[in-house]
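Each residue of the sequence shown is one higher than the last, beginning at 28 in the working numbering.
Just so you know, even glycine gets a beta-carbon here, dropped at the ideal spot from N, CA and C.
Source: prediction; values computed, not measured.
Report on the following structure.
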Amino acid sequence: MTLELATAGESHGPALVAILAGLPAGLVLEKDAIDADLRRRQQGYGRSPRQQIETDEVEVLAGLRHGRTLGTPLALVVHNKDHKNWTWGMAPWPPEGEPQGKGTKAVTLPRPGHADLAGVQKYGLTDVRDALERASARHTAVQVAAGAVAKALLAHIGVAVQGSADVDEAAIDGARKDKDTLGGVVEVRATGVPPGLGSYARKEDRLDARLAAALMGIQAVKGVEIGDGFALARMRGSEAHDEIDTSRRRTSNRAGGIEGGMSNGEEVVVRAAMKPLPTLMKPLASVDLATGEAAAALVERSDVAAVEALAVVAEAAVAWELAVAAKEKFGGDAVGDFVGAWRAYLERIAWRRTP
Ligand code: EPS
């Protein structure tokens, strides 16, 4: 069974939801490990005061019994604590009583760089909030929860995934002072990935294409590179490729662990570039959709920078894609089947992870 992920949830709605289908039975999950990743995502320099409202925690509604997966769809929920301030404005059903709290007035000032304008055009909306709530990066919380589950599965085959970000706190302080925002670059490294995840057979099978799509699917990501990526374009072939030694390992890793759309047994290295966040306290020029007049864009509480959060979200996205590719390769209705197929494969290709 293919590993599949479906999510739902708006930023200030009642909750974020994920359904993970295709997990093998008998996978032991630890609530603390999932919650630890949720906490990591909320931290980081430059985050919005919203993070003081939320203390993200996973709730499981289905697919788990006594901490072990049942091989049935796993349903995860992360509640939005801030919803209590939006019960009228974000009520799923027509709200009763007088408007109160946040989100009661229609947003008509689209922010350059956000989903606001194209969202209302595409879906025929009059209130930008109907677009921005789902477009918000808030729902990455539940994707991080799914990534934590993927990491638990990958741990059974010796694969570990870690994201990191370089953060310039002084630059973030400066941007905050100037009512501005910042982006940044994150890197994700996966160790223990055996050769042969993904395939050259079809473009949608390619592991690099899948990782790039997964990272591009995260809010504010505008660029992805695998290994030395763009720098490879300026090298000669003799400098760019990773030579093979007699143990079939590489003496360098400029390819970032992927060749021909498949993992090659080296560390998988990917980077994602995040644009500066588009909600500005000193807003850019826009149009008031209600009047058609020139106006400043919406000003709303937001992050100054979320690059450290992106490192955690990107780690989860890479872990999820690697788990999908590993499940595709090794199969298994029970965790033992999955691990058994992995062992047999490693024996056949005589591959051992580097220490
Ligand atoms: C976001 C705007 C801010 C961020 C939010 C993403 O939310 P709010 O408008 O409620 O302050 O804090 O991120 C999160 C809530 C989160 O948990 O990551 C946006 O517009 O994308």
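request  = Round the Cβ separation of G116 and T131 to the nearest angstrom and send it over; I've been treating them as touching at under 8 Å.
outcome  = On the sequence shown, position 89 is the one that residue 116 refers to. On the sequence shown, position 104 is the one that residue 131 refers to. The pair is a contact, with the Cβ atoms about 5 Å apart (cut-off 8 Å).
query: Hey, is the segment 343-352 in contact with the segment 254-263, meaning 3+ C-beta pairs nearer than 8 Å?
result: no
Checklist entry - Under the criterion of a Cβ to heavy atom distance below 7 Å, does T82 qualify as lining the ligand EPS? => result Looking up residue 82 in the sequence shown gives position 55. For the ligand EPS, not one heavy atom lies less than 7 Å from the Cβ of T82.
Problem - For A300, the three-state DSSP class (helix, strand or coil) - result: In the sequence shown, the residue the question calls residue 300 occupies position 273. Correct three-state label for A300: strand.
For A343, is the beta carbon positioned less than 7 Å from some heavy atom of the ligand EPS? Residue mapping note: residue 343 aligns to position 316 of the sequence shown, counting from 1. Because no heavy atom of the ligand EPS lies under 7 Å away, the Cβ of A343 does not count as near it: no.
Beta-carbon spacing of G90, V55 below 8 Å = Here residue 90 is taken as the residue at index 63 of the sequence shown, counted from 1. Here residue 55 is taken as the residue at index 28 of the sequence shown, counted from 1. Result no, Cβ atoms of G90 and V55 do not sit closer than 8 Å.
Going straight from the alpha carbon of K249 to that of G124, what length do you get?
In the sequence shown, residue 249 corresponds to position 222, counting from 1. In the sequence shown, residue 124 corresponds to position 97, counting from 1. Whole-angstrom Cα-Cα distance: 43 Å.
| query | By Cβ distance, which residues of its chain are closer than 6 Å to R216, with the 5 residues on each side in sequence left out? | reply | Counting from 1 along the sequence shown, the entry for residue 216 is found at position 189. Only Q189, E294 and V296 meet the Cβ criterion.
Inset, instruction - Would you mind sorting I199 into buried or exposed? The rule is 16 or more other CB atoms within 10 Å of its CB. - result: Translated into the one-based positions of the sequence shown, residue 199 becomes position 172. The residue is buried, with at least 16 neighbouring Cβ atoms inside 10 Å.
* To do: Tell me, please, whether the segment 234-252 touches the segment 371-381 by the rule of three or more beta-carbon pairs shorter than 8 Å.
  => no
Three or more C-beta pairs closer than 8 Å, one from the segment 263-272 and one from the segment 97-104: is that the case here?
no
A332 in three-state terms, based on DSSP
Residue numbering aside, residue 332 sits at position 305 when the sequence shown is read from its first letter. It is coil, neither helix nor strand.
### Message
Can you give me the C-alpha to C-alpha distance between M28 and R379, rounded to a whole angstrom?
### Response
Numbered from its first residue, the sequence shown carries residue 28 at position 1. Numbered from its first residue, the sequence shown carries residue 379 at position 352. The alpha-carbon atoms of M28 and R379 are separated by roughly 27 Å.
To the nearest angstrom, how far is the alpha carbon of R66 from that of D83?
Position 39 of the sequence shown, counted from the first residue, corresponds to residue 66. Position 56 of the sequence shown, counted from the first residue, corresponds to residue 83. Answer to the nearest angstrom: the Cα atoms are 7 Å apart.
Selected residue, minimal CA-CA separation from P305, among R161, A282 and A332:
Here residue 305 corresponds to residue number 278 of the sequence shown, with the count starting at 1. Minimum Cα distance to P305 is reached at A332.
Check your understanding: Counting Cβ pairs, one atom from each stretch, are 3 or more of them under 8 Å apart for the segment 307-327 and the segment 135-146?
Key -> yes
Quiz prompt | Backbone CA spacing between R68 and S226 [nearest angstrom] | solution = By 1-based counting over the sequence shown, the position of residue 68 is 41. By 1-based counting over the sequence shown, the position of residue 226 is 199. Straight-line Cα distance between these residues: approximately 31 Å.
How about H39: is its Cβ closer than 7 Å to a heavy atom in the ligand EPS?
On the sequence shown, position 12 is the one that residue 39 refers to. Yes, the Cβ of H39 comes within 7 Å of a heavy atom of the ligand EPS.
So, under 8 Å CB-CB, G210 and A247 are touching, yes? Tell me the CB distance rounded to an integer number of Å. For the purposes of this step, residue 210 is taken as the residue at position 183 of the sequence shown. For the purposes of this step, residue 247 is taken as the residue at position 220 of the sequence shown. The Cβ separation is near 7 Å, so the contact holds.
Item to complete: Would you mind sorting L88 into buried or exposed? The rule is 16 or more other CB atoms within 10 Å of its CB.
Response: Within the sequence shown, residue 88 is the residue found at index 61, counting from 1. L88 should be labelled exposed.
Alpha-carbon to alpha-carbon, A377 and R165
Taking the first residue of the sequence shown as position 1, residue 165 is located at position 138. Taking the first residue of the sequence shown as position 1, residue 377 is located at position 350. Spanning the two alpha carbons is a distance of roughly 44 Å.
Would you say the beta carbon of E123 comes nearer than 7 Å to a heavy atom of the ligand EPS? Within the sequence shown, the letter at position 96 stands for residue 123. Outside the cutoff, so no.
Rounded to the nearest angstrom, what separates E86 and E335 at their Cα positions? Within the sequence shown, numbered from 1, the residue matching residue 86 stands at position 59. Within the sequence shown, numbered from 1, the residue matching residue 335 stands at position 308. Looking at the two C-alpha atoms, the distance is approximately 24 Å.
- Message: Can you tell me whether A179 is helix, strand or coil according to DSSP?
- Response: The count along the sequence shown starts at 1 and reaches residue 179 at position 152. Helix at A179.
I need the DSSP call for S274, collapsed to helix, strand or coil. Along the sequence shown, one-based indexing puts residue 274 at 247. Three-state result, S274: coil.
According to DSSP, what are the bridge partners of G319? As a first step, residue 319 must be located in the sequence shown, where it is residue number 292. Answer is none; G319 lacks a bridge partner.
By alpha-carbon positions, which one of L152, S38 and A240 ends up nearest to A118?
On the sequence shown, position 91 is the one that residue 118 refers to. Considering only alpha carbons, the answer is S38.
Enumerate in chain order the residues of its own chain whose CB-to-CB distance from R161 is below 6 Å, with the five nearest sequence positions on each side excluded. Taking the first residue of the sequence shown as 1, we reach residue 161 at position 134. Excluding positions up to five away in sequence, the list reads E37.
Checklist line | Through-space distance from L97 to A240, alpha-carbon basis | finding: For the purposes of this step, residue 240 is taken as the residue at position 213 of the sequence shown. For the purposes of this step, residue 97 is taken as the residue at position 70 of the sequence shown. If you take the alpha carbons of A240 and L97, they lie about 29 Å apart.
- Message: Are the CB atoms of A45 and A172 within a distance shorter than 8 Å?
- Response: Position 145 of the sequence shown, counting from 1, holds the residue named residue 172. Position 18 of the sequence shown, counting from 1, holds the residue named residue 45. Result yes, Cβ atoms of A172 and A45 sit closer than 8 Å.
Kindly indicate which three-state DSSP category E342 falls into: helix, strand or coil?
Taking the first residue of the sequence shown as 1, we reach residue 342 at position 315. Residue state, collapsed to three classes: helix.
- Can you give the beta carbon distance from A175 to A338, rounded, assuming they're within the 8 Å contact cut? Here residue 175 refers to the residue found at position 148 when the sequence shown is read from its first residue. Here residue 338 refers to the residue found at position 311 when the sequence shown is read from its first residue. Rounded, the Cβ-Cβ distance is 14 Å, inconsistent with contact.
**Q.** C-beta atoms of R276 and G292 nearer than 8 Å
**A.** Reading the sequence shown from its first residue, position 249 is the one you call residue 276. Reading the sequence shown from its first residue, position 265 is the one you call residue 292. Yes, they are a contact pair.
Worksheet item: Is DSSP giving K309 helix, strand or coil here?
Response: The sequence position of residue 309 within the sequence shown is 282, counting from 1. Residue state, collapsed to three classes: coil.
query: Between E214, E355, Q70 and V340, which lies nearest to D330 when the distance is taken from Cα to Cα?
result: Along the sequence shown, one-based indexing puts residue 330 at 303. Here the closest residue by C-alpha is Q70.
| query | Using the beta-carbon count (16 or more within 10 Å), is S274 buried or exposed? | reply | The residue given as residue 274 occupies position 247 in the sequence shown. By the 10 Å Cβ count, S274 comes out exposed.
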